[in-house]
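In the working numbering, the protein residues as written are 437 to 521.
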């Protein structure tokens, strides 16, 4: 018997409750709550990008260089922590 059967996957809640499309392929249909949460995340992402673009609209080349240096240092620190682990 397969491992997934022995682990009780087929007995879990929701097993076999999803539909199949006309090509007999698994067709995942997100429920209303998931679609609403996704739309909320997308809206928040758009708003963040709009705020960032508005903030950077009046940046000078020096501001961009400073931000680049800050990001490089942040990435390097992250990589050092990752490699130390």
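Built from N, CA and C at the ideal position, the CB exists for glycine as well.
How would you write the range of the alpha helix (DSSP H) that residue 494 sits in, first residue to last?
By one-based count along the chain shown, residue 494 stands at place 58. It is not in any alpha helix (DSSP H) - residue 494 carries neither H nor E in the DSSP assignment.
Compute the Euclidean distance between the alpha carbons of residue 521 and residue 515, then round it to the nearest angstrom.
As a working note, residue 521 is residue 85 in the chain shown. As a working note, residue 515 is residue 79 in the chain shown. If you take the alpha carbons of residue 521 and residue 515, they lie about 10 Å apart.
Check residue 521 in the structure and name its three-state DSSP category.
Counted from its first residue, the chain shown places residue 521 at position 85. Here residue 521 sits in coil by DSSP.
DSSP on residue 516, reduced to helix/strand/coil?
Counting from 1 along the chain shown, the entry for residue 516 is found at position 80. Reduced to three states, the DSSP call for residue 516 is helix.
Could you have a look at residue 467 and say whether DSSP puts it in helix, strand or coil?
By 1-based counting over the chain shown, the position of residue 467 is 31. Three-state DSSP puts residue 467 in coil, outside helix and strand.
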